[in-house]
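Q:
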Amino acid sequence: MELVVFVLAAAMILVGAVGVVVRNNPVHAALSLVLTLFGIAVLFVAQEAHFLAAVQVIVYAGAIVVLFLFVIMLLGVDRTEDITIEPFRIQRPLAAIVGVGVIGLVVASVTASRDAIGTGTGLEIPTVTGDNDSNIRQIARSVFGDYVVAFEITSVLLVVAVVGTVMLTRRIKSGKGES
Amino acid sequence: MNALLAAATPTTTWYLVLAAVLFGIGAVGVLVRRNPLVMFMCIELMLNAVNLSFVALAKRLGDIGGQTTVFFVMVVAAAEVVVGLGIIVSIMRRRPGATADDIATLKG
Amino acid sequence: MLDLIWLVPALPLLGFVLILLFGRVLGEPKAGILATAMVGGSFAVTAGVFFDLLSRSEEERSHVDVLFSWMPVGSLKVDLAFLADPLSITMALFVTGTGSLIHLYAIGYMHGDPKFSKFFLYLNLFVFSMLMLVLGENLLVTFLGWEGVGACSYFLISFWHTRESAATAGKKAFVTNRVGDWGVMIAMFLAFGAAGTLSYTGINHAAEEGIISGVTATAIALMLFVGAAGKSAQLPLYVWLPDAMEGPTPVSALIHAATMVTAGVFLMTRVNPVLEVAYDWAPTIIAIVGVATALFAATIAVAQNDIKKVLAYSTVSQLGFMFLAVGSGAYVAAIFHMVTHAFFKALLFLGSGSVIHGMHHEQDMRKMGALRVLMPITAFTFIIGWLAIAGVPPFAGFWSKDEILLYAFAESPILYVVGMVTALLTAYYMTRQVIMVFFGEARWNDHSEEHGAHGDFKPHESPIVMLIPLVVLAGLSIVGGGLQLPFSKDLHFLEHWLHPVVEFGEADIKGTWAYDNKYVLLLVAIVVALAGIALSVAVYAKKKIAAIEPNLLANGWFYDSSIARFMGGPGRKAFDGVAWADRTIVDGAVNGVGRVVQTAGRTLRRGQTGAVRNYAAFIGVAVVALLVWFFVRGVVL
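Chains as they are written, first to last, in our numbering: chain G, 2 to 180; chain D, 12 to 119; chain P, 81 to 717.
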């Protein structure tokens, strides 16, 4: 059963990823991204990271991609780019090297160390009380316990990001001095 | 068939390999595409690959810290997207239809 | 009186400065009188120092007067100091003595010359330099004087610089001397390296103690000889001396007969302890070069027609004798001959200057003749000089030449034979000169038209200011032999006087065949001299035998022209090659580095496209490389 789930999710992910890279139309690319994100969410569930799966769907697929689409529509960059031409001749070969290199090496490393990682899907995450807790409770304990400082800082980061972007993109009334 | 299906359960290694492939595709996409928004999307692909590997290893090692990390990655990714899109908007307003290659003031 | 030794070079220096400042105001003849007075004063002080030293016992005859510390640099401590000992005082005596006589003569000779005061300016500077050379306490003060006399020689040879031959001769002298100077410098470096000091006492002491010995001593000695060969006109660096006759005759007399050219002999004698501890073949080389030069120059003198060129080659020949003496260990004989040679050669040059003056600047002997009637005093003194150089007793040259040949025989009979042949030739060509100038028929009228509208051209005697030095020098040429007579040990004045400086003496050749038969050799010398004179009389006066003056000898064995051809031809090509190498290889390398940098920069510039994707791609490739490295390290190894 798990195998079927994995294979289907993996297929969704890979098809979506390739679609992002290959599609000329940016809107199509955004929709392929959504497919990938859903695949990831499925795999999160399979790994018993339920909370994260939910957050993935809500935040990533629901907010971030929507934001992408807004900007695409706003700027009218729905005009397609032709992916077959490449002004820098060296770029494609370098990209090939990077792709093959990264994939090959990481896969090789991972398979070479699979004994260290071990078979099986691992242990149940232990809890303080001794029995299994729900995932969200575990995450909450971790975030507001061990990593509370990081949590606070990231909230500040969010505010800063929003304010900064607003500042960045406003039009000055006089008409000059844009960004 | 069932025995085969039952015997081959996806191990952590499978997840890590999938994450690596996804990462590679994302990297190639960044290098190949010229549209800034699509480049951004490819970056998101890479981030998601990393998230996947974190979650897989968190399950394997029994440590919730991996999932917490993913949580924070998502938050920061969101903030990053906001700022990045803001920048793209401001640039694109001035030169409509520009691609990443047209912003070449570093040329020496 | 010894403390006033510094006055000896200071007076001519003062003369130089005074004439430099006031020469044009003083004019003729006051500038000349001032210069002569300065050198005369030097002579008086030197004489005083001489008597002071004489009154001391032998071991105490050495006084060092330090003026100031000149170069205290690290371990090199050189003072400007003077060393008054028998050798230097002997040299200083005849330098200042003949110098003052020649200054006096020059007042008459340079009469009417527009650059009169300038002449005495240079002459005084020269005497100053020569005295620094001679009185120096260390090699560096001597070298200061050495270079100074070289420079003054250049100034004075090309005194009439509007004449191209004079200017060229001056340059030739300077360049040839420079080649020799290199030798002296190398010797100085070696001496300092070996002995840690440049002072003569230090170096000679080191030689005696054995600190300098063997290879070092030989190298020092031979390098100093290179310098001496340049300064004292030995083979192969003699070429400048005949050309130096372009200068006024007082210059030829002072510099190129009596003083500067003897500097080389002086230097070798100064460091004779070093020469003694060098390998045996080193002094032998010096002796061979000396005697070869003597013979070589004598053969050329036989065929010269310019009155001064004969004397120039004669000087080269006599200097060869002096080096023969040095090489045979007869330092006393070398100094003896130096002193007597100064007397009679200066006399001969001044006499020839008187002849030239009286002949209205005609120098070709073929246009002279029968001058003894019209210039009696000149002729008389010239004849005395002739007899002295030919080696006729009791004149000075005989005794000194005989002393040299005695020691030469003790060294090797071959040297003696060559020396004897040279002595024969010397008598021959000097007699030839005397006959052509003062005897025979008067040939000057055949070319009287060439001397301008004089009407009846007649040579005349020179003014008294020029005749006094001639007479004095003639007197000295007669009695000068008394310095060292071979008859008994008591008469060896010069040897006793020089003993603290020169250890090698008569005792060292006692027991050789030469010493035992020295009176036989004495008689042989007299016979040879008279034979040379007789032969020359037969050829030139009686005209019984035809004169042999082959072209080869008249052109100096074509030595000069072969050097010119070599330097102009293969030499030039070699130097062009060196210049090419410098331009192409050295400069090319330097420029090439610049070009490489430029090209590299231009190539690397193409990586700066400005496109972010390219930069990202490069970063990606670097990441892959890092991954490869980690993979290899972690998984493979």
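Note that the Cβ used here is the ideal one computed from N, Cα and C, for glycine as well.
Skipping 5 residues on each side, what residues in its chain have a beta carbon closer than 6 Å to that of residue 222 of chain P?
A: Cβ neighbours of residue 222 of chain P beyond the five flanking positions: 213 and 216.
Q: How many angstroms separate the CA atom of residue 21 of chain D from the CA atom of residue 49 of chain G?
A: Using only the alpha carbons, I get a separation of about 14 Å.
Q: Which residues mark the beginning and the end of the alpha helix (DSSP H) in which residue 576 of chain P is found?
A: Its alpha helix (DSSP H) spans residues 573-578.
Q: Closer than 9 Å, CB to CB, is residue 17 of chain G near chain P or not?
A: Cβ-Cβ to chain P under 9 Å: no for residue 17 of chain G.
Q: From what residue to what residue does the beta strand (DSSP E) around residue 162 of chain P run?
A: From DSSP, the beta strand (DSSP E) with residue 162 of chain P extends over 156-164.
Q: Under the criterion of a Cβ to heavy atom distance below 8 Å, does residue 417 of chain P qualify as lining the ligand SAH?
A: What this structure holds is no ligand at all, so the ligand SAH is not there to describe.
Q: What residues of chain G sit near residue 50 of chain D, judged by a beta carbon separation below 8 Å?
A: In chain order: nothing, as chain G lies at least about 10 Å away.
Q: Does residue 679 of chain P get closer than 9 Å to chain G when you measure Cβ to Cβ?
A: No - not a single Cβ of chain G is within 9 Å of the one on residue 679 of chain P.
Q: Go through its chain and collect everything with a Cβ distance to residue 533 of chain P's Cβ below 6 Å, but skip five positions before and after it.
A: Residue placement at residue 533 of chain P is flagged as unreliable, the pLDDT there being 43, under the threshold of 50; the coordinate-derived value follows with that caveat. If we look at residue 533 of chain P and ignore the five residues flanking it on each side, it has no Cβ neighbours.
Q: Quick one: what does DSSP say residue 317 of chain P is sitting in, helix, strand or coil?
A: Here residue 317 of chain P sits in coil by DSSP.
Q: Beta-carbon within less than 6 Å of residue 618 of chain P's beta-carbon, same chain only, minus the 5 sequence neighbours each way: which residues are those?
A: So the qualifying residues of the chain are 624 and 625.
Q: Rank P:433, P:207 and P:576 by C-alpha distance to the C-alpha of residue 173 of chain P and give the top, closest one.
A: Answer by Cα proximity: P:207.
Q: Strictly under 9 Å for the Cβ-Cβ distance: is residue 86 of chain G near chain B by that measure?
A: In the structure shown, chain B does not exist; the protein chains are G, D and P.
Q: Which of helix, strand or coil does DSSP assign to residue 56 of chain D?
A: Helix at residue 56 of chain D.
Q: If residue 454 of chain P sits next to residue 326 of chain P, beta carbons under 8 Å apart, how far is it from one beta carbon to the other, in whole angstroms?
A: That belief does not hold up - the Cβ atoms of residue 454 of chain P and residue 326 of chain P are roughly 27 Å apart, past 8 Å.
Q: Out of P:613, P:175 and P:132, which one is the CA nearest neighbour of residue 121 of chain P?
A: The shortest C-alpha separation from residue 121 of chain P is found at P:175.
Q: Using only CA atoms, which one of P:94, P:134, P:107 and P:92 lies nearest to residue 81 of chain P?
A: Minimum Cα distance to residue 81 of chain P is reached at P:134.
Q: For residue 30 of chain D and chain P, any beta-carbon pair shorter than 9 Å?
A: Taking Cβ atoms only, chain P never reaches closer than 9 Å to residue 30 of chain D, which makes this a no.
Q: Under a three-way DSSP split, which group does residue 240 of chain P fall into?
A: Looking at residue 240 of chain P - three-state DSSP - the assignment turns out to be coil, as it is neither helix nor strand.
Q: Would you list, in chain order, the members of the stretch 700-711 of chain P that have their beta-carbon closer than 9 Å to a beta-carbon of chain G?
A: Of all residues in the stretch 700-711 of chain P, 700, 701, 703, 704, 705, 707, 708, 710 and 711 have a Cβ within less than 9 Å of some Cβ in chain G.
Q: Please confirm whether residue 94 of chain D and residue 62 of chain D have their CB atoms less than 9 Å apart.
A: Not in contact: residue 94 of chain D and residue 62 of chain D (Cβ atoms no closer than 9 Å).
Q: Helix, strand or coil: which one does DSSP assign to residue 439 of chain P?
A: DSSP places residue 439 of chain P in coil when its eight states are reduced to three.
Q: Which chain P residues are close to residue 38 of chain D, counting only those with a beta carbon under 8 Å from its beta carbon?
A: Here the neighbours are 700.
Q: So who's on the other strand from residue 386 of chain P, going by DSSP bridges?
A: DSSP lists P:444 as partners of residue 386 of chain P.
Q: To the nearest angstrom, how far is it from the Cα of residue 129 of chain G to the Cα of residue 69 of chain G?
A: Model confidence at residue 129 of chain G stands at a pLDDT of 46, short of 50, so the residue's coordinates are unreliable; what they give is reported in the following sentence. Rounded to the nearest angstrom, the two C-alpha atoms are 41 Å apart.
Q: Between residue 485 of chain P and the rest of its own chain, which residues show a CB-CB distance below 8 Å, the 5 nearest in sequence each way excluded?
A: Excluding sequence neighbours, residue 485 of chain P sits near 496, 499, 500, 503, 601 and 605.
Q: Write down every uninterrupted run of the alpha helix (DSSP H) in the stretch 172-240 of chain P whose length is 4 residues or greater and which is fully enclosed by it, in chain order.
A: Listed in chain order, they are 196-215 and 219-237.
Q: Rounded C-beta distance between residue 557 of chain P and residue 423 of chain P? I'm assuming under 8 Å.
A: Confirmed, Cβ separation roughly 5 Å.
Q: For residue 210 of chain P, which residues of its own chain have a beta-carbon under 7 Å away from its beta-carbon, when the five flanking residues on both sides are left out?
A: 175, 225, 229, 339 and 340.
Q: Does any residue of chain G have a CB that is nearer than 9 Å to the CB of residue 689 of chain P?
A: Yes, its Cβ sits closer than 9 Å to a Cβ of chain G.
Q: In the DSSP assignment, find the beta strand (DSSP E) that holds residue 151 of chain P and state where it starts and stops.
A: Unbroken beta strand (DSSP E) run through residue 151 of chain P: 143-153.
Q: Thinking C-alpha only, which one of P:303, P:195, P:258 and P:280 is nearest residue 242 of chain P?
A: That would be P:195, whose Cα lies nearest to the Cα of residue 242 of chain P.
Q: Within its chain, find whatever has a CB closer than 7 Å to the CB of residue 679 of chain P; leave out the 5 residues flanking it on each side and keep chain order.
A: No residues qualify anywhere along the chain.
Q: Strictly by DSSP, which residues pair up with residue 279 of chain P?
A: In DSSP, residue 279 of chain P forms a bridge with P:218.
Q: Under a CB-based cut-off of 9 Å, is residue 178 of chain G close to chain D?
A: Only weak support exists for where residue 178 of chain G lies, its pLDDT of 45 falling under 50; the value from the coordinates is given anyway. No, because no Cβ of chain D sits closer than 9 Å to the Cβ of residue 178 of chain G.
Q: Is residue 130 of chain G close to chain D, meaning its C-beta is less than 9 Å from at least one C-beta of that chain?
A: In this predicted model, residue 130 of chain G has a pLDDT of only 44, less than 50, meaning its place in the structure is not dependable enough to derive any value.
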